[in-house]
Amino acid sequence: MNRIAILADKIDFQNFGNIFRKAIDILNGEKVENIQKTFYGLYFSELPKINKHLFYASDISDVFGGMGSWNDSPTYYAHKKGLEIEYDNLSEELLTQIRLALLYSVNEW
Numbered sequence: 091m092n093r094i095a096i097l098a099d100k101i102d103f104q105n106f107g108n109i110f111r112k113a114i115d116i117l118n119g120e121k122v123e124n125i126q127k128t129f130y131g132l133y134f135s136e137l138p139k140i141n142k143h144l145f146y147a148s149d150i151s152d153v154f155g156g157m158g159s160w161n162d163s164p165t166y167y168a169h170k171k172g173l174e175i176e177y178d179n180l181s182e183e184l185l186t187q188i189r190l191a192l193l194y195s196v197n198e199w
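And the structure:
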């Protein structure tokens, strides 16, 4: 997660870097009380602490989608700066880890 946050900064998408750093903070134990008040909090309040943190970090860092997402403009800017391979590799790894974290967080306990 740290490597993709650094990449986001390199390609001038600090907003995504901040999202990734927030997910890191959650994984490192940042309190999730404010997040627990959201829709997910209503249903997942009984999850063990580590599972909650995995779930919320994966939810926050899931930046894939349509217009304005991580796989929209950042792709072009990474290519323009010669970082396309790093972008592709880190994005693929992020997506894989998000999916694994989601599966683990809700199925492990």
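Numbering (the numbering used here), first residue to last: 91 to 199.
The beta carbon of each residue, even a glycine, is placed where N, CA and C say it ideally should be.
- By the CB criterion at 8 Å, LEU184 and SER151 fall inside the cutoff.
- Our two residues, LYS171 and ASN141, have alpha carbons roughly 37 Å apart in a direct line.
- Look at GLU198 here: in three-state DSSP terms it is coil, with no helix or strand label.
- Between TYR167 and ILE96, the gap from beta carbon to beta carbon reaches 8 Å or more.
- SER195 and LEU144 do touch by the CB rule: their CB atoms are close to 4 Å apart, below 8 Å.
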